[in-house]
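Chains as they are written, first to last, in the numbering used here: chain Z, 1 to 264; chain A, 1001 to 1114. Cβ atoms here follow ideal geometry from the backbone N, Cα and C, with glycine treated the same way. All values derive from a computational prediction rather than experimental measurement. Quick notes on the structure that follows.
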């Protein structure tokens, strides 16, 4: 009797183990209800984004195209020397980041990958985080995926990162004691004081924000979120930031990438 | 950081009043904001921006710290002869920028878009 019970327990445990990852990946926000941040923006912001000349991110795009073609570092190679025309070779790339770097096994976002390429392949001077040159290149690469749906890989070595990202998203943070999910899953479309709450979708990065008077990365935006709930912001380059980005990209899977975008 | 773009209508004929759109890359630091490390950024705004056409000034602006970063200016002027628009500006740090943009006329084009 006891043996039978134990065996049943064992089988049940196996089922639980199998069931947990699948259940953990249920979506709080159904894919049919995904909305870009643009849907929550005011008419002025939407008009500025749609204005092909006046969109200030165009200045960064122009700079990105220049940097792409410029030889750099000891190798004397430009991005273009290896990758050719970014609008062809980089199609769809930005929709797949953050992703696991096969060599090092690390989770890299698009900016990390460009920085890695600069130091390891071009053997050039370091591209500083959040520098205009890095953001311009990242924008130039992202532009090639404009209109393509987000689609990150969360299987294999990325799975544990996805789980960590989900944990951060659901965890209450800071003095306001709010989780990302409370605002962006449960109350999007409503207002927090005068601000419309968006779904917190990552489909428009790097983005020109009027608040920043410039272009910034998703990592910078996430730091602002942490400050917003009065939590300690994630350190620059922190793994947790990439994990949260990975979760957000999965959560927004199917949304078309929007570059160059403008937000308030 | 002295990059700018200028847009004119596709076709212009002598005598038309046309709209020029000018986007200037400039941080327009007000002097009240901090950088990513929390240090105060000194004020740096465009003090004066002018645009000459055929030896005459057609537009001048003295933006203060109340104008947003990467400002977009729009102004109207009457095209007479083929030539160029010559935009110049200088900021608080004494950094000057300039942009030369050709003005090409079409003898019998459709009416200018404004």
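Could you tell me the distance, in whole angstroms, from the CA atom of residue i to the CA atom of residue j?
| i | j | result |
| --- | --- | --- |
| residue 1015 of chain A | residue 1105 of chain A | 10 Å |
| residue 104 of chain Z | residue 116 of chain Z | 11 Å |
| residue 181 of chain Z | residue 1046 of chain A | 42 Å |
| residue 256 of chain Z | residue 161 of chain Z | 23 Å |
| residue 111 of chain Z | residue 1009 of chain A | 37 Å |
| residue 155 of chain Z | residue 219 of chain Z | 22 Å |
| residue 1035 of chain A | residue 1041 of chain A | 6 Å |
| residue 158 of chain Z | residue 1021 of chain A | 47 Å |
| residue 1061 of chain A | residue 1003 of chain A | 18 Å |
| residue 119 of chain Z | residue 131 of chain Z | 15 Å |
| residue 1039 of chain A | residue 251 of chain Z | 35 Å |
| residue 1026 of chain A | residue 1063 of chain A | 12 Å |
| residue 21 of chain Z | residue 28 of chain Z | Unreliable placement is indicated for residue 21 of chain Z, whose pLDDT of 49 sits below 50; the coordinate value is still reported in the next sentence. Rounded to whole angstroms, residue 21 of chain Z to residue 28 of chain Z spans 15 Å at the Cα level. |
| residue 1097 of chain A | residue 1086 of chain A | 11 Å |
| residue 1069 of chain A | residue 241 of chain Z | 28 Å |
| residue 23 of chain Z | residue 63 of chain Z | Here residue 23 of chain Z scores only 43 on pLDDT, less than 50, and its place in the model should not be relied on; the value that follows carries that caveat. Cα to Cα, residue 23 of chain Z sits roughly 45 Å from residue 63 of chain Z. |
| residue 1059 of chain A | residue 1052 of chain A | 7 Å |
Run through the DSSP bridge pairs and tell me what residue i is partnered with.
| i | result |
| --- | --- |
| residue 1050 of chain A | A:1060 and A:1088 |
| residue 208 of chain Z | Z:215 and Z:262 |
| residue 1020 of chain A | A:1075 |
| residue 234 of chain Z | BP columns for residue 234 of chain Z are empty, so no partner. |
| residue 41 of chain Z | DSSP output for residue 41 of chain Z lists no bridge partner at all. |
| residue 1005 of chain A | A:1023 |
| residue 1095 of chain A | Beta-bridge pairing links residue 1095 of chain A to no other residue. |
| residue 85 of chain Z | Note: residue 85 of chain Z sits in no beta bridge, so no partner. |
| residue 1103 of chain A | A:1083 |
| residue 149 of chain Z | Z:256 |
So which residues on chain Z does residue i lean against when the C-beta distance must stay under 7 Å?
| i | result |
| --- | --- |
| residue 966 of chain A | Outside the modelled stretch of chain A, which goes from 1001 to 1114, sits residue 966 of chain A, for which no answer is possible. |
| residue 1044 of chain A | Within chain Z, no residue comes near residue 1044 of chain A; the closest Cβ sits about 12 Å away, beyond 7 Å. |
Just confirm the distance between the C-beta atoms of residue i and residue j, as a whole number of angstroms; I'd bet it's less than 8 Å.
| i | j | result |
| --- | --- | --- |
| residue 60 of chain Z | residue 215 of chain Z | 5 Å |
| residue 213 of chain Z | residue 1028 of chain A | 7 Å |
| residue 153 of chain Z | residue 89 of chain Z | Actually they are not in contact, since the Cβ atoms of residue 153 of chain Z and residue 89 of chain Z sit about 20 Å apart, beyond 8 Å. |
Quick one: which chain Z residues come within Cβ less than 8 Å of residue i?
| i | result |
| --- | --- |
| residue 1003 of chain A | 59, 62 and 63 |
Does residue i have its Cβ less than 8 Å from a Cβ in chain B?
| i | result |
| --- | --- |
| residue 240 of chain Z | The displayed structure is made up of protein chains Z and A, and chain B is not among them. |
Contact set between the stretch 118-131 of chain Z and chain A, restricted to residues whose Cβ is under 7 Å from the partner: 130
Near-chain Z residues of the stretch 1018-1041 of chain A (beta-carbon distance less than 8 Å), N- to C-terminal order: Those residues of the stretch 1018-1041 of chain A that come within reach of chain Z (Cβ to Cβ, closer than 8 Å) are 1021, 1023, 1025, 1027, 1028 and 1036.
Chain A contacts from the stretch 50-72 of chain Z (Cβ-Cβ distance under 8 Å): 53, 54, 56, 58, 59, 62 and 63
Cβ-based contacts, 9 Å cut-off: residues of the stretch 195-225 of chain Z near chain A: 208, 210, 212, 213, 214, 220 and 223
Chain-ordered residues of the stretch 1060-1075 of chain A with a beta carbon less than 8 Å from chain Z: 1068, 1069, 1070 and 1072
Chain-ordered residues of the stretch 1006-1017 of chain A with a beta carbon less than 7 Å from chain Z: 1007
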